[in-house]
Amino acid sequence: MLDLFFAPEPGTGIPLYDQLAARLRELIEAGRLQSGERLPPTRELARSIGVSRNTVSRAYDGLAAEG
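Residues in the sequence shown are numbered consecutively from 28, following our numbering.
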């Protein structure tokens with residue numbers, strides 16, 4: 028399982044899925060997630076960090092769109 032510390036910041040005006048995508052991007056840039064490495068399934072990650080599956084799906088979709 029991905030060791031992901033994610034602390035949502037309410038009240039910032041930044042959607043939760045964008046906050047999650049930014050955290051995943053940080054892990055990629057830091058080399059903690061390698062190219063081609065599989066991310067956890069959306070349900071599993073959502074459950075482990077306490078957000079909805081839709082939030083995780085939107086974060087994944089945003090990262091995929093960026094390439």
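Using N, Cα and C, we set each Cβ at its ideal position, and we do this for glycine too.
Note that this is a predicted model, so its numbers are computed, not measured.
Could you tell me which whole beta strand (DSSP E) segments of length 3 or greater appear in the stretch 38–68?
none
Under the three-state DSSP convention, the category Leu31 falls into
Against the sequence shown, residue 31 aligns to sequence position 4. Coil, per DSSP.
With H, G and I counted as helix, E and B as strand and the rest as coil, what does DSSP make of Val83?
By one-based count along the sequence shown, residue 83 stands at place 56. Note: Val83 maps to helix in three-state DSSP.
How about Leu66 and Tyr87: do their beta carbons lie closer than 8 Å?
Translated into positions along the sequence shown, residue 66 becomes position 39. Translated into positions along the sequence shown, residue 87 becomes position 60. Yes.
Distance, Cα to Cα, Gly38 vs Gly94?
Translated into the one-based positions of the sequence shown, residue 38 becomes position 11. Translated into the one-based positions of the sequence shown, residue 94 becomes position 67. Within the model, the alpha-carbon separation for Gly38 versus Gly94 is close to 29 Å.
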